[in-house]
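Heads up: the structure comes next, in structure tokens.
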Amino acid sequence: MKPTGKDATPQQMPLPSEYMRKRRPHLFSDTLASVESTLTKELLSYHLSTMTSRNGETRFEHFARKLAEAEICPNLVPNTGPTGGGDAKADTETYPVGKEVALRWYQGEQAAANERWAFAISAKKAWTGKARSDVASIVGTKRDYKRIYFITNQPARSKTRADIEDSLSKEYGIPVRVLDLNWILDKVFDNRRLQLAVRALGLSSEYEQQVPAPGPRDYERARDLQALDDQIADASRYEGVPHLLAEDCLEGALTARGLAKPRMEVDGRFMQARRAAVASGSKALEFRVVYNWAWTVYFWFDDFLALSSLFGEALDLVADNEDADIVEKLANLWSLLRMSVAADKVSPEIARIDERGKALRGRLEVIAGNDARPNNALQAKSALLFVALVDKQHDHPELGFDDIWRSFMKLIKESRGLGTFPFKPVTEALAEFGSFIESPAYDELVERIADALAERRREGESAVVNVQRAEQKLRHKKPYEAIRWFGRTIDGLVKKEYEYELFKTLAGLAQAYDMAGLPWAARSSAMSVVSHQISRNLAENGSVAGISAAMVNALFTFELQIGRVPQAVAFHMLEMNIRYSRARDDEEREALNNYRYANAMRLGALILNTPATALKELERLHDCLHHLDLTEAGFTTLFLLGQWDVLREEKWISADTPPEQVETIMLDIKEQGETARIAPSALINAGKRSALSCRVIGAELVFDAASKTPSISIAEALLGIIESFVATSLNARVLPAWNVWSSALSRTRRMPDRRRLRSSRRPALPSGVSLMKTISGPRRRPA
């Protein structure tokens, strides 16, 4: 095993930033520094034309040859000897290359591969005479040159250059080209040869500068950061949703970190996010900011003291937290803090190892002892084991870790059947220890993990196949068959790693129940998704932005089908809050009015179905609807109450609008509601008790409950269960024994003894008697 604890030395610990960059390169900046030249055309022109006065002939010859290799032909060989070409007469010339090599050239002319070309290079001011003498010397070698180039550092008039080329070509029968200063400048700047010029001419590095070249990730990050800054500067965007400001500020800090912004800017953005989180009143959101800040100072800036300070602040924020998802993140920071102390980067006194370790373990033990939340408790137990593993690794590594591996085996066994336990992250973390652990107990643990993963994947993938078939049944308009297929998948998908597929299944199940005309069952499935999303998002960041607005709108629709006005209004409010929190600009916020208007019109259609006996309950409803910006629905309440003066005062109708015309409008709204399957009777439920009912296989079931949340929730659950049960029992030859079955839900002062409940046995049903008949009874008044 690798040395840890007291045996570890600072030299053995790599910098955290180096470690993280190697493990998670996508989190870091992909901007590369490129070198660009600041050399201008005027400056290079002056430098080249005056090289003779600085004895720069050799430098110019080297530069001209490099430029010719890039622009004319890459197969040039320099000739040695005194200035002017030496005995070879040409300063450089081509050498033959194979056809296969020439085919791979991406610059220069292919003809140079098998022809002999000569180059004369001169830095003399009187270039015309030099050109004539050099060409004569090259021709005098009788080497069968097919072309001759003369390169000069002097500017040449176009007519003079053309005359020289024509006369020499005609005199010697070989094509001659003169390349002057203007040609050099054009090629250097037009073809981006500045780096070649700076290096070949030996110019100072002051003509070069480092220029960042953003990679694809940084290009996206820079764009996202600018958009976030623009949103944060818009104060009106966050009215009523302060948590969204904190989330945007945190996202800005993480994006700036990925762009490798200066430490001062990154810290400033985290401080901005924390102030916004404090203002939102969410400790969970503040913890999220502090946690990410601590992670950043350690793995991006190698600041061990800052990690210690932020760990203490994060620990204070979870002092009363009961969510293992949040508190277990401290176990991650705890391992970093212990490594910092082991590497002598922070003293144990400053890190307060004993005090903070005790507090962390104490908080996790409280959560682990809460049997009412088994998934949460088991997650806390896994975090406790990781803390114990880290502590033992640093304090007593010589004792081994077999006891901890056996505890993890027990934990994996206990996780069976606990759907929201994060099995995959726990097992992935355990697998990391295999790099330096050699132990039979650890080998057995890995085998247990492999077996459990295989079983979970088998169940999950099998369920996914069933989901696909259920969706096909939905598309074929066969809701009852879809319900049966969806029902086969639930148990296999109740796993953290299949959470998305589970939500997708519940949403499909809600749609199938809706198509079958079972609104309570549809509501129950949709509510399972939304309630889980609400609890998770509020626990993590106090936000509603992560809740599915479409599922909340479905709940609004189901309430309209059931007929409950208050519940429909509540879901409308939640939907609007979610959509508003996601709107990024004024255009998106204005588009929200389409959703508001559609909901208001459907709600108005339901209100028109209010029984005459309940019209008095509408008197306070209008003001409520007006306050919630459901004015179109409020219009229908005024109509039913006969308040024509208010209708005219609020400009709904003009002074001369006849009542018949208003009644026609109301009939149109009512017809639209019937098309949308709005309930035939609206329930305001303003009394002390509420009647909730459903109709299944020809029988009406009524639950009379107190108008309080516990009683209403029980009645809702029972109605959802009954509709779900009946949906899969149509082929069981079940018939109702009574037309109406009624039950009153009352609160008892004393709960029955659990032991007595467990020991009771349901009597066997007589032969030929259906379950529906045994639970049915005559309609009676609520007790």
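Taking our numbering, the leading residue of the sequence shown gets 17, the next gets one more, and so forth.
C-beta: ideal position from N, C-alpha, C; glycine also.
- Look at Arg193 here: in three-state DSSP terms it is strand.
- Rounded to whole angstroms, Pro191 and Tyr161 show a C-alpha spacing of 9 Å.
- Excluding the 5 residues flanking it on each side, His492 has no same chain C-beta neighbour closer than 7 Å.
- The region 352-367 and the region 329-342 do not touch, with fewer than 3 CB-CB distances between them shorter than 8 Å.
- Contiguous beta strand (DSSP E) elements confined to the region 214-258 occur at 224-229, taking only those with 3 or more residues.
- Non-local beta-carbon contacts of Leu461 in its own chain, meaning distances under 6 Å to residues more than five positions away in sequence, involve Trp421, Phe424, Met425 in chain order.
- Taking the CA atoms as reference points, Thr691 sits about 33 Å from Asp602.
- Ala586 is not a Cβ neighbour of Leu576, given a cutoff of 7 Å.
- Taking a cut-off of 8 Å on C-beta distances, the region 50-57 touches the region 205-214, as three or more cross pairs fall below it.
- Taken in chain order, the whole alpha helix (DSSP H) runs of length 4 or more contained in the region 599-639 are 602-623.
- In the assembly as shown, Glu302 is a buried residue. Its beta-carbon has 16 or more other beta-carbons within 10 Å.
- Cβ-Cβ separation between Arg132 and Thr110: approximately 6 Å, consistent with a contact (criterion under 8 Å).
- Between the alpha carbons of Thr108 and Ala147 lies a distance of about 15 Å.
- For Thr680, the enclosing alpha helix (DSSP H) covers residues 675-691.
- Under the 10 Å beta carbon count, His643 is surrounded by fewer than 16 other beta carbons and is classified as exposed.
- Here DSSP, grouped into helix, strand and coil, assigns Trp309 to helix.
- Check the Cα spacing between Phe572 and each of Ala561, Ile563, Gly562, Leu590: the tightest is with Leu590.
- Counting along the chain, Ile669 sits inside no alpha helix (DSSP H), nor does DSSP assign it H or E at all.
- If you look at Arg705, you'll find it in the beta strand (DSSP E) that goes 705-712.
- Restricted to the region 280-337, the alpha helix (DSSP H) segments that are unbroken, complete and at least 4 residues in length are 299-315, 320-333, listed in chain order.
- Short of 7 Å from the beta carbon of Arg177, and not among the five residues preceding or following it, lie these beta carbons of its own chain, in chain order: Val194, Asp196.
- In the three-state reduction of the DSSP assignment, Arg209 falls in the coil class, being assigned neither a helical nor a strand state.
- Val151 sits close to Ile164, with the two beta carbons spaced by under 7 Å.
- If you compare the alpha carbons of Ser540, Lys374, Gly650 with that of Gln527, the shortest gap goes to Ser540.
- Inclusion of Ile563 and Ile594 in the CB contact set at 7 Å is warranted, their separation being smaller than that value.
- In the displayed model, Glu125 falls within coil according to three-state DSSP, outside both helix and strand.
- If you keep only unbroken alpha helix (DSSP H) runs of at least 4 residues inside the region 124-186, you get 143-156.
- Asp720 is bridged by DSSP to Ala707, Ala760.
- Cα atoms of Phe315 and Val560: separation of roughly 30 Å, rounded to the nearest angstrom.
- Partner residues in the beta bridge of Arg580, as assigned by DSSP, are Leu699.
- The alpha-carbon separation between Leu219 and Thr66 amounts to approximately 14 Å.
- For Glu109, the enclosing beta strand (DSSP E) starts and ends at 108-110.
- Here the C-alpha atom of Arg618 lies approximately 19 Å from the C-alpha atom of Asn701.
- Fewer than three beta-carbon pairs drawn from the region 81-88 and the region 229-247 are found closer than 8 Å, and the two stretches are therefore not classed as touching.
- Assignment of Val93 by DSSP, reduced to helix, strand and coil, places it in the strand class.
- With fewer than 16 other beta carbons inside 10 angstroms of its own, Gln484 counts as exposed.
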